[in-house]
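One structure is given here, and the rest of the page talks about it.
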Amino acid sequence: MRIRLIAVLGACAAILVACGQSAIPSDDAAKNALPPNRYGASAAYDEGRATLEAFIADRMTGRYGIYTNLIDTAQDGTAASGHEILSESAGLLMRYYALSGRRDSFETSWNQARAVFDMDASFSYRYSPLSDRRYPVNAAVDDLRIIRALYEAGASFKDAAYTSEADRYGQRFYAYNVKDGRLYDFYDETHKTTNDFLTLCDIDLKTLGMLSLPENDKKRLLENARRKAEGGYLGDAFPFLRDALRLRQGGIRVSPWTSVPWNR
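Here the sequence shown stands for residues -23 to -1, 1 to 241, where the numbers follow mature numbering (1 follows the signal peptide of the UniProt record, and there is no 0).
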């Protein structure tokens, strides 16, 4: 689920570096949705941004959204590849359009993402056009990115309808991806269950703090998530996190998986 788009979307993600910020906002999600800076808004980036956008639109985009890779594959691997579509990419593009104030482009991207990824309990993390397969599993961090984009659109375009959608999808996310105040990586709609661990780089405290939830539920969720993040910190001399913490009955076991940056 953490397949990253090729360097092209890496550059796009760099424009949205605020994705990794984890300050907890106030309860007024719409009021506090927008970051203080609009990333990539400087005139110095105009030419490069236009070139990047043209490449994504002309070479990396199809009927269902942004491709995972420029060159197509059989789209049958365990990881997304070729012209498969990821909800991760849709959320990045939605955030970009919201932060750059392009309402029509945002609406088009949101309508497309909703049609391709929206399921009963979550957003599918992946769609294969060749097999017309929508994978029945979400990725918590990708759902949160789409929800955050809706909050940012509500603030940027001064449209309460987007904020209401963000509230609704956020409440759905909480109902399926959170159990006993604990956030989990994914929800499987086929088996009606979550996984049993939390990957630390999936902890998006900023967006979790935006969710429209009862105060006690939100406080418990944020405290648990923050505690897990702090527990995975390796130290100031080497500011990285352990990749995941297993959340099992009988205690927490640190996974030996690859470390990731603290501020991701």
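Beta carbons: idealized from backbone N, C-alpha and C, even for Gly.
- In the same chain as Arg149, and ignoring 5 residues on each side of it, no C-beta atom comes closer than 6 angstroms to its own.
- In this structure, Asn46 is the residue among Tyr22, Asn46, Tyr128 with its C-alpha nearest to the C-alpha of Ile33.
- In this structure, the straight-line span from the alpha carbon of Phe174 to that of Val155 is close to 11 angstroms.
- Judged by DSSP in its simplified three-state form, Phe83 adopts helix.
- Residue burial annotation: Thr171 is buried, with at least 16 other C-beta atoms found within 10 angstroms of its C-beta.
- In this structure, Ala130 is the residue among Asn115, Ala130, Val118, Asp109 with its C-alpha nearest to the C-alpha of Trp87.
- In the three-state reduction of the DSSP assignment, Arg110 falls in the strand class.
- The beta-carbon separation of Arg72 and Arg125, rounded to 7 angstroms, stays under the 8 angstroms limit for a contact.
- In terms of Cα proximity to Glu65, the closest of Ser189, Arg204, Glu84, Asp120 is Asp120.
- Taking every protein chain shown into account, the CB of Tyr22 has fewer than 16 other CB atoms within 10 angstroms, so this residue is exposed.
- Note: Tyr44 is bridge-paired with Ile62 in the DSSP secondary-structure output.
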